[in-house]
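Before any comments, here is the structure.
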Amino acid sequence: MGAKAMARVLGNYLRALRENRSISPVDAGRHIRAHASKISRMETAHVNLKCRDVDELLALYGVDPDERDQIVAMVERSARPDWWQPYGEVVPDWLQQLIGLERDAHVIRTYETQFVPGLLQTPAYAQSVVRIGHRLASESEVEQRVELRLERQRRMNEPGAPVLWALIDEGVLHRPVGGAQVMRDQLAYLLEVLRQPGVRLQIASYEASAAATPGAAVTYLRFAQGFLPDMVYLEHMTSAMYLDRLEDLDRYRAALDTWSTWST
1 MGAKAMARVL
11 GNYLRALREN
21 RSISPVDAGR
31 HIRAHASKIS
41 RMETAHVNLK
51 CRDVDELLAL
61 YGVDPDERDQ
71 IVAMVERSAR
81 PDWWQPYGEV
91 VPDWLQQLIG
101 LERDAHVIRT
111 YETQFVPGLL
121 QTPAYAQSVV
131 RIGHRLASES
141 EVEQRVELRL
151 ERQRRMNEPG
161 APVLWALIDE
171 GVLHRPVGGA
181 QVMRDQLAYL
191 LEVLRQPGVR
201 LQIASYEASA
211 AATPGAAVTY
221 LRFAQGFLPD
231 MVYLEHMTSA
241 MYLDRLEDLD
251 RYRAALDTWS
261 TWST
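Just so it is clear: in the sequence shown, position 58 is 58 by full-length UniProt numbering, and no numbers are missing.
Listed below in structure tokens is the structure:
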């Protein structure tokens with residue numbers, strides 16, 4: 001998990017622990033020889049995490065040694081250079097966080113209304129989608145964005161990668177992205193990935209879409225470390241939102257469950 005992604009996830013976790021213990025930011029800051037504002041910046045992912053600070057806060061919050069060791073090890077890993085750094089400006093901050101989160105997730109659930117999920121796209125289909133979303137991009141930028149997407153796919157096939165549970169609106173299968181041949185190859189690839197043990201694919205029929213879906217793409221991430229909170233990712237054309245409030249998570253998780261029962 002990258003540094004920014006780790007800061008976001010762990011910040012939520014630290015805040016929940018502190019509030020559950022009824023410890024004020026002032027007292028937490030004093031414990032690590034810092035001002036209360038540093039606790040706020042740690043909890044809102046506005047500062048790089050330091051292993052010693054995290055370990056001392058976890059001890060203050062009563063976290064057992066084994067769990068503390070796991071979390072500190074994650075912080076150490078997040079300080080290493082991110083593999084996507086060479087891709088430069090084609091990986092904005094909001095996308096860096098998703099890439100960092102998805103590889104350490106235990107389950108990734110997606111609902112897509114317009115396109116096949118990026119983690120299941122063929123190279124030709126991915127290129128067509130990138131061209132649609134970045135009409136002014138140069139040829140080299142398009143190729144770089146496609147290669148980034150394909151590299152994310154390759155890393156999802158490594159041992160220990162998360163389960164991908166994808167729900168696709170039926171209209172996606174009829175939308176001729178890239179032309180007839182590109183779509184035929186893409187649909188054939190979806191049939192192929194169904195044989196992979198780490199992929200679950202469902203199609204939301206038109207009837208199901210009308211009755212039980214929100215009309216917007218959703219990515220829901222649950223992490224292998226059960227003590228870390230879930231995350232919802234909502235992408236827009238030029239930015240993205242990350243939701244972590246319990247009430248938001250409950251709503252999206254319940255919605256995904258409902259959509260899945262309506263689908264084939």
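Note that beta-carbon positions come from the ideal geometry of N, C-alpha and C, so glycine has one too.
Model, not experiment: these values are computed from the prediction.
With a 10 Å radius around its C-beta and 16 neighbouring C-beta atoms as the bar for buried, classify residue i as buried or exposed.
i, result
"Lys-50", "exposed"
"Pro-229", "buried"
"residue 265", "There is simply no residue 265 to check, as the chain begins at 1 and stops at 264 in what is shown."
"Val-26", "exposed"
"Arg-195", "exposed"
"Ile-132", "exposed"
"Met-241", "exposed"
"Met-74", "buried"
"Arg-175", "exposed"
"Arg-109", "buried"
For residue i, which residues from the same chain have a beta carbon less than 7 Å from its beta carbon, with the 5 sequence-adjacent residues on both sides left out?
i, result
"Tyr-87", "Gln-144 and Leu-148"
"Tyr-125", "Val-116, Val-177, Gly-178, Val-182 and Gln-186"
"Ala-36", "Pro-25, Val-26 and Gly-29"
"Ala-79", "Ala-3"
So, using beta-carbon positions, are residue i and residue j closer together than 7 Å?
i, j, result
"Ser-209", "Val-177", "no"
"Pro-197", "His-106", "no"
"Glu-112", "Ala-217", "yes"
"Glu-56", "Gly-11", "no"
"Val-91", "Trp-83", "no"
"Ala-166", "Leu-191", "no"
"Tyr-233", "Leu-95", "no"
"Ala-45", "Arg-18", "no"
"Met-237", "Leu-221", "no"
"Leu-256", "Val-199", "no"
Which of the three DSSP states is assigned to residue i in this structure?
i, result
"Met-6", "helix"
"Leu-228", "coil"
"Met-74", "helix"
"Asp-169", "strand"
"Tyr-242", "strand"
"His-106", "strand"
"Thr-219", "strand"
"Ile-132", "helix"
"Ala-16", "helix"
Suppose the cutoff is 8 Å on Cβ atoms and the five residues either side in sequence are ignored; what does the same chain contact list for residue i look like?
i, result
"Ile-23", "Leu-60 and Tyr-61"
"Val-172", "Glu-112, Thr-113, Gln-114, Phe-115 and Val-116"
Can you name, in chain order, every residue of its own chain whose Cβ lies under 6 Å from the Cβ of residue i, other than the five neighbours on each side?
i, result
"Thr-122", "Asp-185, Gln-186 and Tyr-189"
Is the Cβ of residue i closer than 7 Å to any Cβ of chain C?
i, result
"Gly-171", "Annotation note: the requested chain C is absent from the structure, which comprises a single protein chain."
For the segment 149 to 161 against the segment 112 to 131, do three or more pairs of beta-carbon atoms, one drawn from each stretch, fall closer than 8 Å, so that the two count as touching?
Verdict: yes, contact present.
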